[in-house]
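Here the structure is laid out as structure tokens; the discussion comes afterwards.
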Amino acid sequence: NLPRLHDKLIGASLKATRNQQYDLVFATSSRLMTASLGAFIAQRKGCGLYLDIRDILVDTLRDLLPARWGKFAASIFSPIERWTINRATRVNLISPGFLPYFNTRYPGRKFTLYTNGVDDLFINQNSAIQPSTHGSVPKRLKVVYAGNIGSGQGLHQILPELAKRLAEKVDFHLIGAGSALKELKLALTQAEVDNVTISPPMKREDLLRVYRHADVLFLHLNNLKAFRRVLPSKIFEYAATNKPIWGGLSGYAGRFAKKRIKNTALFSPCDLEGAVKAFDQLQLQHTPRLDFVQQFSRNNIKKEMAKDILQISPKYTARMTDHKYKILN
């Protein structure tokens, strides 16, 4: 029961675990230092460590920061990453797109690939998101984007001009917050755009209602090398709605969506002309994706991952060995 992330995370975590004994430590790298903290605790306790890698900080810093500072920051965090990964008993990569990076840096190490998936809430509510009852395409289409609004998404680099270009037929509804929100609002104002509405993050139940009334779901990642490796969790959520998906994706995410998700129109990130062309290629209809949803059910993925985690627990493996011995005898 580690405390939530805050300024005193390290001290509070070490204090909370000081007099505890563990069979294994599970840590995720939504922030690299969280994974490193888990590695330190596992080393101190002499137990196994299972790492769930959700981003590549070293790679991202090189792209997000100015060249000089990005190189400097990467030189600091690279050895920390290496120590953290080498300390782990087992490492899971949330995106198969991460494999080339990790195989190059850690040759000989095996990685598991348990990805994000579709939550039960969206699977159970899937039937509630029915095809539109109107027989023709509405005069104005409702395009919904839900998620973080940060530098990683790069909405401020594509949406103002895109909304202006499609002002006669599209209304955009953005739901979310993030570090680039102010920049986006300023860009929309400067472009004199009036067909974009921005709402704060909302509960998933409320989000489902918004999805239900959307004509198209929009997704975008910034045009940076580091983001060619990622696989956004939003892809899975969107796919479960059976709505058309319009996405500015490249790299692994683009290949994944193109191969596995029906009725997805893609364009290169930050490419205005490509975005307009992709939009015109969308089939504005209900597109069942049952096979995809079943294959990437988060509940099923979690069960398989839980089994994998338990494999590095001495108590669990001893118990299973004892159980098999009793059955055989």
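Residue numbers (the UniProt record's numbering): 1 to 329. Where a beta carbon is used, it is the ideal one built from N, C-alpha and C, also for glycine. Just so we're clear, the structure is a prediction, and the values are computed from it rather than from any experiment.
Residue state for histidine 213 is assigned as coil, using DSSP reduced to three classes.
Taking 8 Å as the cut-off, the beta carbon of leucine 162 is found closer than this to the beta carbon of leucine 272. For leucine 181, no beta strand (DSSP E) segment is defined; the enclosing uninterrupted segment is the alpha helix (DSSP H) at 181 to 190. Judged by DSSP in its simplified three-state form, isoleucine 80 adopts helix. Between the C-alpha atoms of cysteine 47 and leucine 57 there is a straight-line separation of about 25 Å. Around the C-beta of aspartate 23, fewer than 16 other C-beta atoms lie within 10 Å, and the residue is accordingly described as exposed.
Taking one beta carbon from each stretch, the segment 151 to 167 and the segment 238 to 246 have fewer than 3 pairs nearer than 8 Å; the two do not touch.
Nearest in C-alpha terms to histidine 286, of all of Gln294, Met305, Ala239, is Ala239.
For tyrosine 145, DSSP records a beta bridge to Leu174.
Contact between the segment 189 to 203 and the segment 217 to 230 is not established, with fewer than three Cβ pairs separated by less than 8 Å. For phenylalanine 227 and serine 199, the gap between their C-alpha atoms comes out near 25 Å. Excluding sequence positions up to five before and after aspartate 52, its CB lies within less than 6 Å of the CB of Thr28, Asn92, all in the same chain and listed in chain order. Bridge pairing for threonine 112: Asn92 [DSSP].
For the options Val25, Arg260, Gly247, Leu284, the alpha carbon positioned closest to that of valine 293 is the one of Arg260. The three-state reading of DSSP puts leucine 310 in helix, counting H, G and I together. Beta-bridge partners of aspartate 52 (DSSP): Thr28, Asn92. Residue environment analysis places threonine 104 among the exposed positions, since fewer than 16 neighbouring C-beta atoms fall within 10 angstroms of its C-beta. The Cβ atoms of lysine 169 and leucine 186 lie no closer than 8 Å to each other. Here isoleucine 158 carries a coil assignment [DSSP, helix/strand/coil].
The C-alpha of arginine 54 lies about 31 Å from the C-alpha of valine 276. Lysine 45 and asparagine 19 have their C-alpha atoms spaced approximately 10 Å apart. For isoleucine 245, no alpha helix (DSSP H) run applies; the uninterrupted beta strand (DSSP E) run containing it begins and ends at 245 to 248, by DSSP. Between the alpha carbons of isoleucine 80 and glutamine 281 lies a distance of about 45 Å. Looking at the backbone, the Cα of leucine 217 and that of lysine 15 are separated by about 45 Å.
Burial of arginine 289 is indicated by the presence of at least 16 other C-beta atoms within 10 angstroms of its C-beta. Only residues of its own chain outside the window of five on either side were considered, and among them Gly176, Ala177, Gly178 have a CB closer than 8 Å to the CB of asparagine 148, listed in chain order. Leucine 231 sits in coil when the DSSP states are folded into three classes, being neither helix nor strand. Positions of the alpha helix (DSSP H) runs, each at least 4 residues long and wholly inside the segment 270 to 302, are given as 272 to 281, 290 to 295 in order along the chain. A direct Cα-Cα distance of roughly 26 Å separates leucine 181 from isoleucine 94. Exposure of arginine 82 is indicated by the presence of fewer than 16 other C-beta atoms within 10 angstroms of its C-beta. The residues Val58, in chain order, have a CB closer than 6 Å to that of serine 78 in the same chain once the five nearest residues on each side in sequence are set aside. Secondary structure at threonine 104: helix, using DSSP grouped into helix, strand and coil.
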